[in-house]
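K.L.:
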């Protein structure tokens, strides 16, 4: 029943500075309709504050349609809801099926993996900046010496022939 890592990871989007998943994608992963997922959320709306779930604005939705293509969106009448990592966690308490619990565990593992990858990139970026700071001054001296040698070479050349 395990869903491939890549299949879930592709459904994680960055919107308004948050990594989120669309209601339709989560419904598909949980094996329920988007309507039923949203009904369950509506019945338990107090569990989904704005930092757990929010509705896309029309312009954001249009950008998604443009990015992913119109065919996969069908006849959506409302802009979709998106769920942050915490909102997805909360969905497992609202959708009480065994599948929802297993899928949520997979999604949480992917979010954790993504955080580790981002952390490694930040650490690498920090190390590169430190190396640049450390060696920039040394290379500056080397380049200055090379410039002096080149300029002295130009000055010392004797011209042979007519002027």
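In the numbering used here, the protein residues as written are 274 to 436.
Note that CB positions come from ideal geometry on N, CA and C, so glycine has one too.
1. Classify residue 377: buried if its beta carbon has 16 or more other beta carbons within 10 angstroms, exposed otherwise.
2. Any idea if residue 448 is buried or exposed, counting beta-carbon neighbours within 10 angstroms, 16 or more meaning buried?
3. Is the distance from the Cβ of residue 361 to the Cβ of residue 282 below 7 Å?
4. Would you be able to state if there are at least three C-beta pairs under 8 Å between the region 294-313 and the region 398-415?
5. How far does the alpha helix (DSSP H) with residue 299 in it reach, from first residue to last?
6. Please go through the region 345-426 and give each complete alpha helix (DSSP H) segment of 4 or more residues, from N-terminal end onward.
7. Straight-line CA distance for residue 317 to residue 408?
8. Tell me the residue span of the beta strand (DSSP E) that contains residue 288.
9. Any idea if residue 330 is buried or exposed, counting beta-carbon neighbours within 10 angstroms, 16 or more meaning buried?
P.N.:
Let me spell this out:
1. Taking the chain shown and counting its residues from 1, one reaches residue 377 at position 104. The residue in question, residue 377, is buried, as its Cβ has 16 or more Cβ neighbours within 10 Å.
2. Only positions 274 to 436 of the chain appear in the structure, and residue 448 is not among them; the question remains open.
3. Taking the first residue of the chain shown as 1, we reach residue 361 at position 88. Taking the first residue of the chain shown as 1, we reach residue 282 at position 9. No, the pair does not count as a contact, with Cβ atoms beyond the cut-off.
4. Contact between the region 398-415 and the region 294-313 is absent, because fewer than three Cβ pairs lie under 8 Å.
5. Position 26 of the chain shown holds residue 299. Boundaries of the alpha helix (DSSP H) around residue 299: 296-303.
6. Fully enclosed alpha helix (DSSP H) runs of no fewer than 4 residues occupy 358-367 of the region 345-426, in order along the chain.
7. Taking the first residue of the chain shown as position 1, residue 317 is located at position 44. Taking the first residue of the chain shown as position 1, residue 408 is located at position 135. Rounded to the nearest angstrom, the two C-alpha atoms are 57 Å apart.
8. Walking along the chain shown from the start, residue 288 turns up at place 15. Where residue 288 is concerned, the enclosing beta strand (DSSP E) stretches over 286-288.
9. Taking the first residue of the chain shown as 1, we reach residue 330 at position 57. Exposed: under 16 other Cβ atoms inside 10 Å.
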